[in-house]
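Plus 1 on top of the position in the sequence shown (first one is 1) and you've got our numbering. We put the CB at the ideal spot given by N, CA and C, even for glycine.
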Amino acid sequence: MSDTHRPHGAVTSGATRPRRRSGSGRSAAARRLGPMPSRWWIGLHGVDPERVSLPQLHAAFSRWFDDSIAEHRAIVKPYSLSPPCVDERGVGIEAGLLTERAVAQLRRGAHRRERLRLGPCRVEISSLEQLERATWRELARYSGARSWEVHFLTPTSFRQGRRRSPWPAPPTLLHSVRTSWDAFSPVELDVLAMSDTRHLWVSDLGGRSERVRLGREDVVGFVGRLRIEADCRRVASIADALLRLAPYSGVGSGKTKGLGVVSTTTRAVRPSSVRRGSSRDVVSVGATPPSST
């Protein structure tokens, strides 16, 4: 497989990325809400997605956000990047940002209008658009969901020391997002102990593993969907907040190199093992999942 992958529903030439609501600069009312995670579309002119590797993507854009060696080496970062993808307006990438400083860095980098070296290409920033945002308090406010569908749109891998695994077990998945929450959110979230994870399980899944090249390393990541359910309200409220943050923060390792791009859908019903009945979608965060057809 090439180093160009599926960010948020745009995969190959001619494909279009689902249009999402846009936003301009922050209003006075928005500033009063405090810091908020946000997602952005960065339009690129003069790039062929098939010729850009994931390390090259990281090299081009990390210098916008990593102002020091310490920031460059930090394990938890306030930004995530998708691989280059095709949008109805052209080619671009999506960025998830978790701090106001990261937003300012993005705007500063985009408005320089300098040509970026992206692999063999010299590209220009053609547009910058805010796609969606949510305050930390909004993310922490329990939606009532007991079931979540997580779509892994680019290969996702979880790392512990020298070990890597493509399997997004609920405790591992939530822990990867929790590190971002604890690092950047001003809103405290209840602790999810290991004993609490017995209230979470995978009720449905579909997908495959994909091998990608990151520099000198081959990484096997999961691409597909996972349905997670909970039978405890307190545990569900914590999982709900973290899974709603996931499309902004990314999940797993390599989030600044195009890995771990996800979208989530929540369902405000009890899990199937507790009560039978119909379900309804309440919140969809991120892009429309790729069609399975």
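As a quick exercise: from the options, pick the residue whose alpha carbon is nearest that of residue i.
i: glutamate 211; options: Gly261, Ala146 and His59; result: Gly261
i: leucine 82; options: Gly259, Arg268 and Pro169; result: Gly259
i: aspartate 298; options: Leu215, Arg165, Arg228 and Asp232; result: Look at the range of the chain in this structure, 2 to 294, and you will see that residue 298 is not part of it.
i: arginine 164; options: Gly120, Leu117 and Glu218; result: Glu218
i: leucine 206; options: Cys86, Leu193, Arg226 and Ile94; result: Arg226
i: aspartate 241; options: Thr180, Arg118 and Glu150; result: Glu150
i: tryptophan 182; options: Thr136, Leu119 and Thr266; result: Thr136
i: threonine 100; options: Arg199, Gly216 and Ala184; result: Ala184
i: arginine 179; options: Val252, Ala105 and Ser39; result: Val252
i: arginine 199; options: Ala237, Arg142, Ala75 and Ser39; result: Ala237
i: arginine 142; options: Ser250, Tyr249, Leu243 and Pro36; result: Leu243
i: arginine 102; options: Gly162, Arg138, Leu117 and Pro38; result: Pro38
i: histidine 176; options: Leu193, Ser166, Trp42 and Glu139; result: Leu193
i: tryptophan 42; options: Ala71, Arg134, Arg209 and Gly162; result: Arg134
i: tyrosine 249; options: Thr173, Gly216 and Val104; result: Val104
Is DSSP giving residue i helix, strand or coil here?
i: alanine 170; result: coil
i: alanine 75; result: coil
i: tyrosine 249; result: helix
i: leucine 260; result: coil
i: valine 102; result: Note on residue identity: the sequence assigns arginine, not valine, to residue 102. Helix at arginine 102.
i: aspartate 232; result: coil
i: alanine 29; result: Legend: pLDDT at alanine 29 = 49, less than 50; position of this residue unreliable, value from coordinates given subsequently. Helix, per DSSP.
i: proline 50; result: helix
i: arginine 40; result: strand
i: glycine 225; result: strand
i: serine 238; result: helix
i: serine 144; result: coil
i: glycine 110; result: helix
i: arginine 165; result: strand
Just how far apart, CA to CA, sit residue i and residue j?
i: threonine 157; j: serine 254; result: 7 Å
i: valine 124; j: arginine 235; result: 48 Å
i: glutamate 189; j: serine 69; result: 28 Å
i: arginine 22; j: leucine 132; result: Annotation note: pLDDT 37 at arginine 22 (below 50); position unreliable, coordinate value reported separately. Whole-angstrom Cα-Cα distance: 6 Å.
i: tyrosine 80; j: serine 63; result: 9 Å
i: proline 128; j: glutamate 89; result: A quick correction: the sequence has serine, not proline, at residue 128. The straight-line gap from Cα to Cα measures roughly 13 Å.
i: glutamate 95; j: glycine 145; result: 29 Å
i: leucine 246; j: cysteine 86; result: 22 Å
i: isoleucine 126; j: serine 204; result: 42 Å
i: methionine 195; j: arginine 147; result: 19 Å
i: leucine 107; j: lysine 256; result: 16 Å
i: phenylalanine 153; j: serine 264; result: 7 Å
i: proline 50; j: leucine 140; result: 33 Å
i: glycine 97; j: arginine 160; result: 21 Å
Got a sec, what are the start and stop residues for the beta strand (DSSP E) residue i sits in?
i: leucine 215; result: 201 to 215
i: valine 192; result: Looking at the DSSP string, valine 192 is not in any beta strand (DSSP E), and its letter there is neither H nor E.
i: proline 133; result: The question names proline, yet the displayed sequence has glutamate at residue 133. Segment 122 to 134, the beta strand (DSSP E) holding glutamate 133.
i: arginine 160; result: 159 to 161
Since residue i is in the alpha helix (DSSP H), which residue starts that stretch and which ends it?
i: arginine 268; result: Looking at the DSSP string, arginine 268 is not in any alpha helix (DSSP H); the run it does join, the beta strand (DSSP E), is 263 to 268.
i: arginine 64; result: 55 to 66
i: arginine 138; result: 137 to 141
Going by beta carbon distance, what residues of the same chain come within less than 7 Å of residue i, once the five residues before and after it are set aside?
i: tryptophan 168; result: Phe223
i: glutamate 115; result: none
i: glycine 120; result: Arg52, Val53, Ser54 and Gln57
i: glycine 110; result: Trp65
i: valine 48; result: Pro85, Val92, Leu119, Cys122 and Val124
i: arginine 138; result: Val188
To which residues of the same chain is residue i closer than 8 Å at the C-beta, ignoring the five residues directly before and after it?
i: arginine 314; result: Limits of the chain in this structure are 2 at one end and 294 at the other, which puts residue 314 out of reach.
i: histidine 73; result: Ser63 and Asp67
i: glycine 44; result: Asp88, Arg90, Gly91, Val92, Gly93, Ile126, Ser127, Ser128, Leu129 and Glu130
Please go through the same chain and pick out, in chain order, the residues whose beta-carbon is closer than 6 Å to the beta-carbon of residue i, but skip the five residues on each side of it.
i: proline 171; result: Leu201 and Ile229
i: glycine 26; result: With a pLDDT of 45 at glycine 26, under the threshold of 50, the predicted position of this residue should be treated as unreliable, and no value is reported.
i: histidine 112; result: none
i: histidine 59; result: Thr257 and Lys258
i: aspartate 191; result: Ile239
Any beta carbon from chain C within less than 7 Å of residue i's own beta carbon?
i: tryptophan 149; result: The structure shown has no chain C; it contains just one protein chain.
Does the Cβ of residue i lie closer than 6 Å to at least one heavy atom of the ligand ZN?
i: methionine 37; result: Here there are no bound small molecules, and the ligand ZN is not part of this structure.
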